[in-house]
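Peer 1: Numbering (this note's numbering), first residue to last: 210 to 515. All residues carry an ideal CB built from backbone N, CA and C; glycine is no exception. Encoded as C-alpha coordinates, here's the structure I'll be asking about.
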(Lines of atoms letter the chains of each structure in order from A and count residues from 1; the text may use other names and numbers.)
(Lines give C-alpha, C1' and ligand atoms only; values in the text may rest on other atoms or scores of the structure.)
Protein backbone atom coordinates (compact mmCIF):
# COMPACT_ATOMS: atom_id res chain seq x y z
CA UNK A 1 0.00 0.00 0.00
CA UNK A 2 2.84 2.40 0.77
CA UNK A 3 4.22 2.21 -2.77
CA UNK A 4 0.78 2.85 -4.28
CA UNK A 5 0.23 5.81 -1.94
CA UNK A 6 3.62 7.22 -2.93
CA UNK A 7 2.80 6.84 -6.61
CA UNK A 8 -0.47 8.72 -6.16
CA UNK A 9 0.97 11.32 -3.79
CA UNK A 10 -1.44 10.54 -0.95
CA UNK A 11 -1.14 9.05 2.53
CA UNK A 12 -1.77 5.30 3.04
CA UNK A 13 -4.61 6.24 5.38
CA UNK A 14 -6.27 8.02 2.46
CA UNK A 15 -6.19 4.82 0.41
CA UNK A 16 -7.76 2.91 3.28
CA UNK A 17 -10.52 5.52 3.52
CA UNK A 18 -11.21 5.34 -0.22
CA UNK A 19 -11.41 1.57 0.04
CA UNK A 20 -13.77 1.65 3.01
CA UNK A 21 -16.07 4.40 1.74
CA UNK A 22 -16.09 3.90 -2.02
CA UNK A 23 -14.87 0.38 -2.66
CA UNK A 24 -11.73 1.62 -4.41
CA UNK A 25 -9.40 -0.87 -2.78
CA UNK A 26 -7.16 -3.74 -3.84
CA UNK A 27 -8.86 -6.63 -5.59
CA UNK A 28 -6.10 -9.23 -5.66
CA UNK A 29 -5.72 -11.79 -2.86
CA UNK A 30 -2.27 -13.15 -2.12
CA UNK A 31 -2.78 -15.76 0.58
CA UNK A 32 -6.50 -15.59 1.21
CA UNK A 33 -6.19 -12.87 3.83
CA UNK A 34 -4.06 -10.09 2.42
CA UNK A 35 -5.20 -8.03 -0.52
CA UNK A 36 -2.91 -6.50 -3.09
CA UNK A 37 -3.36 -3.64 -5.54
CA UNK A 38 -3.27 -4.85 -9.12
CA UNK A 39 -2.50 -2.72 -12.16
CA UNK A 40 -6.23 -2.32 -12.82
CA UNK A 41 -6.85 -1.04 -9.29
CA UNK A 42 -4.12 1.56 -9.71
CA UNK A 43 -5.57 2.61 -13.05
CA UNK A 44 -8.93 3.25 -11.41
CA UNK A 45 -7.30 5.27 -8.60
CA UNK A 46 -5.47 7.37 -11.18
CA UNK A 47 -8.80 8.14 -12.86
CA UNK A 48 -10.18 9.20 -9.49
CA UNK A 49 -7.18 11.40 -8.84
CA UNK A 50 -7.51 13.18 -12.18
CA UNK A 51 -11.10 14.00 -11.29
CA UNK A 52 -9.94 15.35 -7.92
CA UNK A 53 -7.32 17.52 -9.59
CA UNK A 54 -10.05 18.97 -11.82
CA UNK A 55 -11.97 20.07 -8.73
CA UNK A 56 -14.42 17.21 -8.11
CA UNK A 57 -15.33 16.20 -4.58
CA UNK A 58 -14.02 12.88 -3.30
CA UNK A 59 -17.42 11.20 -3.72
CA UNK A 60 -17.83 12.60 -7.24
CA UNK A 61 -14.34 11.49 -8.21
CA UNK A 62 -14.98 7.99 -6.89
CA UNK A 63 -18.20 7.72 -8.90
CA UNK A 64 -16.37 8.98 -11.98
CA UNK A 65 -13.71 6.28 -11.64
CA UNK A 66 -16.26 3.52 -11.06
CA UNK A 67 -18.48 4.70 -13.92
CA UNK A 68 -15.62 4.82 -16.40
CA UNK A 69 -13.86 1.67 -15.19
CA UNK A 70 -16.31 -0.60 -13.36
CA UNK A 71 -14.68 -3.26 -11.23
CA UNK A 72 -15.83 -6.10 -13.51
CA UNK A 73 -14.13 -4.38 -16.43
CA UNK A 74 -11.21 -2.93 -14.54
CA UNK A 75 -10.05 -6.32 -13.33
CA UNK A 76 -9.46 -7.39 -16.93
CA UNK A 77 -7.93 -4.23 -18.34
CA UNK A 78 -4.52 -2.63 -17.78
CA UNK A 79 -4.42 0.88 -16.33
CA UNK A 80 -4.03 3.86 -18.61
CA UNK A 81 -0.36 4.51 -19.30
CA UNK A 82 1.49 7.32 -21.03
CA UNK A 83 1.34 6.87 -24.77
CA UNK A 84 4.62 5.98 -26.39
CA UNK A 85 3.91 7.71 -29.68
CA UNK A 86 6.73 10.19 -30.35
CA UNK A 87 5.78 13.77 -31.08
CA UNK A 88 7.69 16.87 -32.00
CA UNK A 89 9.03 17.20 -28.46
CA UNK A 90 10.76 13.82 -28.49
CA UNK A 91 11.35 12.97 -32.14
CA UNK A 92 14.48 10.80 -32.46
CA UNK A 93 17.48 11.79 -34.51
CA UNK A 94 17.38 9.92 -37.81
CA UNK A 95 20.93 10.42 -39.07
CA UNK A 96 22.59 7.95 -36.71
CA UNK A 97 22.21 7.71 -32.97
CA UNK A 98 23.96 10.96 -32.06
CA UNK A 99 25.06 12.47 -35.36
CA UNK A 100 22.44 15.20 -35.61
CA UNK A 101 22.62 16.39 -31.96
CA UNK A 102 26.43 16.35 -32.06
CA UNK A 103 26.52 18.36 -35.27
CA UNK A 104 24.06 20.92 -33.94
CA UNK A 105 25.91 21.13 -30.62
CA UNK A 106 29.20 21.87 -32.39
CA UNK A 107 27.58 24.58 -34.49
CA UNK A 108 25.91 26.11 -31.46
CA UNK A 109 29.14 26.11 -29.46
CA UNK A 110 31.04 27.74 -32.32
CA UNK A 111 28.43 30.47 -32.68
CA UNK A 112 28.37 31.11 -28.93
CA UNK A 113 32.16 31.35 -28.66
CA UNK A 114 32.12 33.88 -31.50
CA UNK A 115 29.36 35.77 -29.63
CA UNK A 116 27.36 35.81 -32.85
CA UNK A 117 23.86 36.35 -31.48
CA UNK A 118 22.14 35.87 -34.81
CA UNK A 119 23.91 32.58 -35.44
CA UNK A 120 23.17 31.37 -31.91
CA UNK A 121 19.48 32.15 -32.35
CA UNK A 122 19.39 30.33 -35.69
CA UNK A 123 21.20 27.29 -34.26
CA UNK A 124 18.77 27.08 -31.36
CA UNK A 125 15.77 27.40 -33.66
CA UNK A 126 17.20 24.71 -35.97
CA UNK A 127 17.85 22.33 -33.07
CA UNK A 128 14.34 22.70 -31.66
CA UNK A 129 12.71 22.40 -35.08
CA UNK A 130 14.77 19.36 -36.07
CA UNK A 131 14.77 17.43 -32.78
CA UNK A 132 11.88 18.79 -30.70
CA UNK A 133 12.18 20.67 -27.43
CA UNK A 134 13.18 17.83 -25.11
CA UNK A 135 15.65 16.17 -27.46
CA UNK A 136 17.16 19.55 -28.33
CA UNK A 137 17.54 20.32 -24.64
CA UNK A 138 19.15 17.03 -23.64
CA UNK A 139 21.22 16.49 -26.78
CA UNK A 140 22.31 20.01 -27.73
CA UNK A 141 21.45 22.90 -25.40
CA UNK A 142 22.23 21.45 -21.98
CA UNK A 143 25.56 19.84 -23.02
CA UNK A 144 26.78 23.11 -24.54
CA UNK A 145 25.68 25.17 -21.53
CA UNK A 146 27.36 22.68 -19.19
CA UNK A 147 30.58 22.64 -21.18
CA UNK A 148 30.80 26.43 -21.33
CA UNK A 149 30.02 26.72 -17.63
CA UNK A 150 32.77 24.24 -16.73
CA UNK A 151 35.25 25.93 -19.04
CA UNK A 152 35.14 29.25 -17.21
CA UNK A 153 34.14 28.21 -13.72
CA UNK A 154 35.88 30.44 -11.19
CA UNK A 155 37.11 33.01 -13.70
CA UNK A 156 35.53 36.15 -15.09
CA UNK A 157 37.07 36.25 -18.56
CA UNK A 158 34.96 34.20 -20.97
CA UNK A 159 31.94 33.83 -18.71
CA UNK A 160 30.12 36.34 -20.89
CA UNK A 161 29.78 33.61 -23.52
CA UNK A 162 27.80 31.41 -21.14
CA UNK A 163 25.54 34.29 -20.10
CA UNK A 164 24.91 35.30 -23.71
CA UNK A 165 23.98 31.75 -24.65
CA UNK A 166 21.69 31.42 -21.63
CA UNK A 167 19.76 34.55 -22.63
CA UNK A 168 19.34 33.22 -26.16
CA UNK A 169 18.16 29.87 -24.79
CA UNK A 170 15.50 31.58 -22.66
CA UNK A 171 14.21 33.44 -25.70
CA UNK A 172 14.21 30.38 -27.95
CA UNK A 173 12.30 28.27 -25.42
CA UNK A 174 9.70 31.01 -24.94
CA UNK A 175 9.24 31.18 -28.72
CA UNK A 176 8.83 27.39 -28.78
CA UNK A 177 6.03 27.54 -26.19
CA UNK A 178 2.63 27.75 -27.88
CA UNK A 179 -0.13 29.79 -26.27
CA UNK A 180 -2.95 27.40 -25.34
CA UNK A 181 -6.50 28.66 -25.72
CA UNK A 182 -7.95 25.34 -24.56
CA UNK A 183 -5.44 23.29 -22.54
CA UNK A 184 -6.32 19.71 -21.71
CA UNK A 185 -5.98 20.37 -17.97
CA UNK A 186 -8.47 22.60 -16.19
CA UNK A 187 -6.02 23.69 -13.49
CA UNK A 188 -2.45 24.64 -14.39
CA UNK A 189 0.84 23.01 -13.55
CA UNK A 190 2.94 25.43 -11.52
CA UNK A 191 6.58 25.24 -12.57
CA UNK A 192 9.28 26.88 -10.52
CA UNK A 193 12.75 26.61 -9.05
CA UNK A 194 13.88 26.35 -5.46
CA UNK A 195 14.72 29.78 -4.04
CA UNK A 196 18.51 29.43 -4.26
CA UNK A 197 18.62 27.89 -7.74
CA UNK A 198 20.84 29.77 -10.19
CA UNK A 199 19.67 28.29 -13.48
CA UNK A 200 16.00 28.25 -14.44
CA UNK A 201 16.39 27.32 -18.12
CA UNK A 202 15.24 23.72 -17.48
CA UNK A 203 11.79 24.85 -16.32
CA UNK A 204 11.41 26.88 -19.52
CA UNK A 205 12.17 23.72 -21.49
CA UNK A 206 9.63 21.76 -19.45
CA UNK A 207 6.99 24.44 -19.98
CA UNK A 208 7.57 24.34 -23.73
CA UNK A 209 7.41 20.55 -23.81
CA UNK A 210 4.17 20.43 -21.82
CA UNK A 211 2.60 23.17 -23.94
CA UNK A 212 3.45 21.08 -27.00
CA UNK A 213 1.25 18.39 -25.45
CA UNK A 214 -1.49 20.94 -24.70
CA UNK A 215 -0.85 20.85 -20.97
CA UNK A 216 -1.14 24.35 -19.53
CA UNK A 217 1.45 25.65 -17.08
CA UNK A 218 2.08 28.62 -14.85
CA UNK A 219 5.78 29.33 -15.11
CA UNK A 220 7.89 31.24 -12.60
CA UNK A 221 11.27 31.42 -14.28
CA UNK A 222 12.76 33.68 -11.62
CA UNK A 223 13.36 31.70 -8.39
CA UNK A 224 10.85 32.94 -5.83
CA UNK A 225 11.38 33.28 -2.08
CA UNK A 226 9.66 30.46 -0.22
CA UNK A 227 6.92 32.68 1.18
CA UNK A 228 6.16 34.17 -2.26
CA UNK A 229 6.07 30.72 -3.82
CA UNK A 230 3.64 29.55 -1.13
CA UNK A 231 1.33 32.49 -1.86
CA UNK A 232 1.49 31.78 -5.60
CA UNK A 233 0.46 28.17 -5.01
CA UNK A 234 -2.35 29.19 -2.69
CA UNK A 235 -3.76 31.76 -5.12
CA UNK A 236 -3.47 29.75 -8.33
CA UNK A 237 -4.56 26.38 -6.84
CA UNK A 238 -2.56 24.37 -9.39
CA UNK A 239 -3.25 20.73 -10.13
CA UNK A 240 0.46 20.02 -9.73
CA UNK A 241 3.57 21.79 -8.46
CA UNK A 242 6.96 20.97 -9.99
CA UNK A 243 10.05 22.41 -8.29
CA UNK A 244 13.39 22.20 -10.06
CA UNK A 245 16.73 21.95 -8.24
CA UNK A 246 20.05 21.36 -9.93
CA UNK A 247 22.32 21.80 -6.91
CA UNK A 248 22.04 19.63 -3.82
CA UNK A 249 22.90 22.60 -1.60
CA UNK A 250 19.86 24.52 -2.86
CA UNK A 251 17.32 21.68 -2.64
CA UNK A 252 15.50 22.00 0.67
CA UNK A 253 12.70 19.40 0.98
CA UNK A 254 11.02 21.50 3.68
CA UNK A 255 9.87 23.79 0.88
CA UNK A 256 7.15 21.30 -0.04
CA UNK A 257 5.57 21.65 3.39
CA UNK A 258 5.37 25.40 2.81
CA UNK A 259 3.66 25.15 -0.57
CA UNK A 260 1.26 22.33 0.32
CA UNK A 261 -0.57 24.17 3.10
CA UNK A 262 -4.17 24.91 2.31
CA UNK A 263 -7.20 22.94 1.25
CA UNK A 264 -6.62 22.58 -2.48
CA UNK A 265 -5.27 19.32 -3.84
CA UNK A 266 -2.01 19.59 -5.75
CA UNK A 267 0.36 16.83 -6.77
CA UNK A 268 3.90 17.60 -5.68
CA UNK A 269 6.93 16.79 -7.81
CA UNK A 270 10.65 17.33 -7.18
CA UNK A 271 12.55 17.55 -10.46
CA UNK A 272 16.26 17.66 -11.16
CA UNK A 273 19.53 16.14 -9.95
CA UNK A 274 19.72 18.31 -6.84
CA UNK A 275 17.05 16.42 -4.90
CA UNK A 276 17.99 13.62 -2.53
CA UNK A 277 15.19 11.03 -2.74
CA UNK A 278 15.89 9.88 0.81
CA UNK A 279 14.93 13.29 2.21
CA UNK A 280 11.75 13.93 0.21
CA UNK A 281 8.37 13.73 1.97
CA UNK A 282 6.26 10.70 1.13
CA UNK A 283 3.78 12.75 -0.88
CA UNK A 284 6.48 14.17 -3.16
CA UNK A 285 7.41 12.23 -6.29
CA UNK A 286 10.91 12.53 -7.72
CA UNK A 287 11.29 13.19 -11.45
CA UNK A 288 14.90 12.62 -12.41
CA UNK A 289 14.96 14.47 -15.73
CA UNK A 290 12.84 16.59 -18.06
CA UNK A 291 11.55 13.81 -20.36
CA UNK A 292 10.42 11.85 -17.30
CA UNK A 293 8.82 14.98 -15.87
CA UNK A 294 6.89 15.77 -19.05
CA UNK A 295 5.60 12.19 -19.38
CA UNK A 296 4.66 11.79 -15.74
CA UNK A 297 2.96 15.17 -15.29
CA UNK A 298 0.94 14.65 -18.45
CA UNK A 299 -0.10 11.17 -17.36
CA UNK A 300 -1.09 12.22 -13.84
CA UNK A 301 -3.16 15.18 -15.00
CA UNK A 302 -4.79 14.08 -18.24
CA UNK A 303 -3.86 10.48 -18.93
CA UNK A 304 -2.81 9.33 -22.37
CA UNK A 305 -1.64 11.62 -25.12
CA UNK A 306 -4.44 13.68 -26.62
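#1: Which value, in whole angstroms, describes the spacing of the CA atoms of residue 340 and residue 388?
#2: For the structure I just gave you, are there three or more beta carbon pairs, one from the stretch 468 to 488 and one from the stretch 418 to 429, closer than 8 Å?
#3: So for residue 452, helix, strand or coil by DSSP?
#4: Specify whether the stretch 456 to 472 and the stretch 497 to 511 touch according to this definition: at least 3 beta carbon pairs, one from each stretch, less than 8 Å apart.
#5: Look at the alpha carbon of residue 375 and the alpha carbon of residue 325, and state the distance between them as a whole number of angstroms.
#6: Can you pull the DSSP bridge partners for residue 426?
#7: Could you pull out every residue in the same chain whose Cβ sits closer than 6 Å to the Cβ of residue 225, ignoring the five residues on either side in sequence?
#8: Applying the criterion that 16 or more other CB atoms from any shown protein chain within 10 Å of the CB defines a buried residue, is residue 232 buried or exposed?
#9: Check whether the stretch 479 to 498 touches the stretch 440 to 449, counting contact only when three or more Cβ pairs, one atom from each stretch, lie closer than 8 Å.
#10: Mind listing, in chain order, the continuous alpha helix (DSSP H) runs of no fewer than 4 residues lying wholly within the stretch 367 to 392?
#11: Roughly how many angstroms separate the alpha carbons of residue 432 and residue 416, rounded to a whole number?
#12: Just curious, the beta strand (DSSP E) that residue 233 is in, first and last residue?
#13: Taking only the alpha-carbon atoms, compute the straight-line gap between residue 194 and residue 468 and give it to the nearest angstrom.
#14: Count the other CB atoms within 10 Å of the CB of residue 411; is the residue buried (16 or more) or exposed (fewer)?
#15: Excluding the 5 residues flanking residue 488 on each side, which residues of the same chain have their C-beta closer than 8 Å to its C-beta?
Peer 2: Here's the rundown:
#1: CA-to-CA, the gap between residue 340 and residue 388 works out to about 20 Å.
#2: The answer is no - the stretch 418 to 429 does not touch the stretch 468 to 488, with fewer than three Cβ pairs under 8 Å.
#3: Reduced to three states, the DSSP call for residue 452 is strand.
#4: Put simply, the stretch 456 to 472 does not touch the stretch 497 to 511. Fewer than three CB pairs are less than 8 Å apart.
#5: Their backbone Cα atoms lie some 13 Å apart in a straight line.
#6: Beta-bridge partners assigned by DSSP to residue 426: 398.
#7: Excluding positions up to five away in sequence, the list is empty.
#8: Under this definition residue 232 is an exposed residue.
#9: No: fewer than three Cβ pairs fall under 8 Å.
#10: The qualifying runs are 368 to 384.
#11: Distance between the alpha carbons of residue 432 and residue 416 is about 15 Å.
#12: Counting along the chain, residue 233 falls outside any beta strand (DSSP E), and DSSP gives it neither H nor E.
#13: What the structure shows of the chain is the stretch from 210 to 515, and residue 194 is not part of that stretch, so it cannot be assessed.
#14: Answer is buried; the Cβ neighbour count reaches 16.
#15: Contacts found: 462.
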